[in-house]
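**Student:** Protein sequence lines correspond, in order, to chains A and B. Here my numbering is used: position 331 in the first sequence is 331, and no number is missing along the way. In my numbering, each number is its position in the second sequence, counted from 1, plus 1000.
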Amino acid sequence: MTSLADLPAVERLPYDIARIRRDFPILKREVASGARLVYLDNAATSQRPVQVLAEITRFYRDHNANIHRGVHTLSVEATDLYEQARAKVARFIGAADPREIIFTRNTTESINLVAHGWARKFLQPGDEVVISEIEHHSNIVPWQMLRDERGITLKYIPMLPDGTLDLDAARSIITGRTRLVSLTAMSNALGTIVPLDAIVARAKAVGALVLVDGAQSVPHMPVDVRTLGVDFLAFSGHKMLAPFGIGILWGRLPLLESMDPFMGGGDMILTVSMERSTWADVPAKFEAGTPNVGDAVALGAAVDYLSALGMDAVRQHERAITDYALRRLADVPGVSIFGVPDAERRGGVISFALEGVHPHDIGQVLDTKGVAIRTGHHCAQPVMLALNVPATARASFYIYNTTDEVDALASGLEEVSRFFGVRK
Amino acid sequence: MAEPGLMEDLYREIILDHYRQPRNHGTTIEPTCSADGANPLCGDQVRIDVALVDGVVEAISFSGQGCSISQASASMMTEYVKGRDAAAALRGVEAFQQMMLTGEAPDIEGFDDIAALAGVAKFPARVKCASLAWKTLAQAIAEGGGSVTTDDGSR
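See the structure below:
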């Protein structure tokens, strides 16, 4: 296990947008129509810089072997690199001990790990799990399945019309029977930044644990588990420059130690006899089978890249882009923006409607201009229900996006309106 | 448009015409069979009401909401099946689905306008939109009612 003290320091770089864009060769490509790509679908997945791509190649070219228990050179190196990546992730989110970092496939698996390993073991019928109306399906469905299996009660903190949570209601919804509050830190559909402090304080007052879905927050703003005051944090590598297929669950060490394994198999046991097995220590207990070593190592390179920029600078950049986009899009005839109107209380995600044009048609026409946005329900159907729309169009920003790209989106939308002959 | 050809493959003028002025949309009829269709991926919903009299589609109406492709396709479908018998209507469904696979307009009577949708085959994400009303029609006529849905794959 690599300790945090063994990690090399990451040198801070100035926030130079031109240099950052050069690190992402895909931003230079053209789409099918011949237009230059304007990638505004970062809430779905980010692009990957050459530094991360090089790390994947370097691992498989120079160090590839299966990890743990190997005595040969390559296996020792691969194990070291895997554990170093774990330590890098721990440092990135302020975790004191790398053993608190469990590698999974994605945020969904991380949440399911808590549902299986903690909730199934400790919750009784009648115990309450509290989530909210603005959750991604990945933080709804596991709890519905658990409710149906175990007879727990599932409660929702409602969404207000502006896309924020009803904090007054939250105070009465979280009760003495509440054992877990599982909330997103930022809505993937609306960009709402959830004021966790108030909810965490209420949860702690009643003795409930708190799980934070950080899929949209960890890639975009400083997140420090020492000040967050929560018990679990789930997030995905692919939304923060790392490859697909590597996710993270952070949990407090004593909690992780008290939990049952999620899956059984190799690497997660201490001993196996014909009658029974005993579990390995955390984190191996939760990483049954050969893990995704190469992508974990590449995740380490991704968090180094973000650390060099500084997450405070990342947030500042995205806030500026979002602020510009909110004002620019408001000037486009027929556009209405869902959610809070100021960039202070939202991340770099803007869901919108264009009068008279279905989101799918918006996305299709924008694609011919090279502008990649997402259309649909964004795996947040309760949000769509509350907004009373079947779908929205969503633009989402990241470290490499520019105000020029926001202009391309805005002028593209003006063309969409003209194309479909929308009445003014 | 960056490249007019690509857009015109999809959004032919006749399609936009049906989208802006859908035929047989929301009209009141006395249906003998109905079905609901949904495409969760882009939020399309369609309801098809059919009045079959002596095996012939006497009247048909559609309602719902969705993108231009789904609404135009539904509008064209209603024009096609009106006055045809159930077997011919189902042959139309078969021909339409074949067209979505091949991108080739079928040689079948009454498909002149509908052939404008052949370009949709080049846009795999939109084939579900174009097919929805036809699948829903087949559900209504062949099964007598119920609902159909397409896969959900949204992130």
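C-beta atoms are modelled at their ideal positions from N, C-alpha and C, and glycine is treated no differently. None of the values given here were measured: they were computed from a predicted structure.
Around the Cβ of Ser273 (chain A), are there at least 16 other Cβ atoms within 10 angstroms (buried) or fewer (exposed)?
**Tutor:** The residue in question, Ser273 (chain A), is exposed, as its Cβ has fewer than 16 Cβ neighbours within 10 Å.
**Student:** Mind checking whether Val1050 (chain B) and Thr1136 (chain B) have CB atoms under 7 Å apart?
**Tutor:** Taking 7 Å as the Cβ cut-off, Val1050 (chain B) and Thr1136 (chain B) do not qualify as a contacting pair.
**Student:** Helix, strand or coil for Gln47 (chain A)? Go by DSSP, reduced to three states.
**Tutor:** Correct three-state label for Gln47 (chain A): coil.
**Student:** To the nearest angstrom, how far is it from the Cα of Val303 (chain A) to the Cα of Phe92 (chain A)?
**Tutor:** Between Val303 (chain A) and Phe92 (chain A), the C-alpha separation is close to 7 Å.
**Student:** If you drop the 5 nearest sequence neighbours on each side, which residues of the same chain put their C-beta closer than 6 Å to that of Asp224 (chain A)?
**Tutor:** Correct list, in chain order: Gly94.
**Student:** Please tell me whether Ala391 (chain A) has its Cβ less than 7 Å away from any Cβ of chain B.
**Tutor:** Yes - at least one Cβ of chain B is within 7 Å of the one on Ala391 (chain A).
**Student:** For the beta strand (DSSP E) containing Val272 (chain A), list its first residue and its last residue.
**Tutor:** Looking at the DSSP string, the run of the beta strand (DSSP E) that includes Val272 (chain A) is Ile269 to Val272.
**Student:** Could you confirm whether any beta carbon from chain A is found closer than 7 Å to the beta carbon of Ser1073 (chain B)?
**Tutor:** It does not: the Cβ of Ser1073 (chain B) has no partner Cβ on chain A nearer than 7 Å.
**Student:** Give the residues of chain A in contact with Gln1065 (chain B), contact being defined as C-beta atoms less than 7 Å apart.
**Tutor:** Pro390, listed in chain order.
**Student:** Give a yes or no on whether the C-beta atoms belonging to Ile56 (chain A) and Gly356 (chain A) are separated by under 7 Å.
**Tutor:** Cβ atoms of Ile56 (chain A) and Gly356 (chain A): not closer than 7 Å.
**Student:** Is it right to say Met145 (chain A) is buried, meaning 16 or more other beta carbons lie within 10 angstroms of its own, or is it exposed?
**Tutor:** It is exposed - the Cβ of Met145 (chain A) has fewer than 16 other Cβ atoms within 10 Å.
**Student:** Whose C-alpha, out of A:Leu233, A:Val210, A:Thr227 and A:Leu209, is nearest the C-alpha of Pro219 (chain A)?
**Tutor:** Ranking A:Leu233, A:Val210, A:Thr227 and A:Leu209 by Cα distance to Pro219 (chain A) puts A:Leu233 first.
**Student:** Is it buried or exposed, Met263 (chain A), if we count other Cβ atoms within 10 angstroms and call 16 or more buried?
**Tutor:** By the 10 Å Cβ count, Met263 (chain A) comes out exposed.
**Student:** Which residues of the stretch 1017–1031 of chain B have a Cβ closer than 9 Å to any Cβ of chain A? Give them in chain order.
**Tutor:** Hits within the stretch, in order: Tyr1019 and Arg1020.
**Student:** According to a CB-to-CB cut-off of less than 9 Å, which residues of the stretch 396–422 of chain A neighbour chain B?
**Tutor:** If the cut-off is 9 Å between Cβ atoms, the stretch 396–422 of chain A has Glu415, Phe419, Phe420 and Gly421 near chain B.
**Student:** Leaving aside the five residues before and after Arg1126 (chain B) along the sequence, list all residues of the same chain whose C-beta is less than 6 Å from its C-beta, in chain order.
**Tutor:** Same-chain partners within the cutoff: Ile1069 and Val1120.
**Student:** Mark Lys28 (chain A) as exposed unless 16 or more other C-beta atoms lie within 10 angstroms of its C-beta, in which case mark it buried.
**Tutor:** Lys28 (chain A) comes out exposed.
**Student:** Taking the alpha-carbon of Asp1009 (chain B) as reference, which of B:Ala1088, B:Val1057, B:Glu1104 and B:Ala1059 has the nearest alpha-carbon?
**Tutor:** Taking only the C-alpha atoms, the option nearest Asp1009 (chain B) is B:Glu1104.
**Student:** Which residues in chain A sit within 8 Å of Leu1010 (chain B), going by Cβ to Cβ distance?
**Tutor:** Going along chain A in sequence order, the residues near Leu1010 (chain B) (Cβ under 8 Å) are Gln364.
**Student:** Out of A:Ser110, A:Glu100 and A:Arg86, which one is the CA nearest neighbour of Ala301 (chain A)?
**Tutor:** The shortest C-alpha separation from Ala301 (chain A) is found at A:Arg86.
**Student:** Can you give the beta carbon distance from Thr368 (chain A) to Met1007 (chain B), rounded, assuming they're within the 8 Å contact cut?
**Tutor:** Contact holds; Cβ gap of about 5 Å.
**Student:** Does the beta carbon of Gly1037 (chain B) sit closer than 7 Å to a beta carbon anywhere in chain A?
**Tutor:** By this cut-off, Gly1037 (chain B) is not an interface position.
**Student:** Does any CB atom of chain B fall closer than 7 Å to the CB of Asp281 (chain A)?
**Tutor:** For Asp281 (chain A), the answer is no, since every Cβ of chain B falls outside 7 Å of its Cβ.
**Student:** Only counting the same chain, and skipping five residues up and downstream in sequence, which positions put a Cβ closer than 6 Å to that of Glu1003 (chain B)?
**Tutor:** Low confidence applies here, because Glu1003 (chain B) scores a pLDDT of 47, under 50, leaving its location unreliable and the question unanswered by this model.
**Student:** In whole angstroms, what separates the C-alpha of Ser1147 (chain B) from that of Gly421 (chain A)?
**Tutor:** Roughly 33 Å between the two C-alpha positions.
**Student:** Quick check on this structure: which residue in A:Val416, A:Met384, A:Asn388 and A:Ile362 has the alpha carbon closest to the alpha carbon of His136 (chain A)?
**Tutor:** His136 (chain A) has its Cα closest to that of A:Met384, out of A:Val416, A:Met384, A:Asn388 and A:Ile362.
**Student:** Less than 6 Å between the CB of Val272 (chain A) and some heavy atom of the ligand FMN, yes or no?
**Tutor:** As far as ligands go, the structure on display features none, and thus does not contain the ligand FMN.
**Student:** Any residues in the stretch 1085–1117 of chain B with a beta carbon nearer than 8 Å to a beta carbon of chain A? Which ones, in chain order?
**Tutor:** Flagged: no residues at all.
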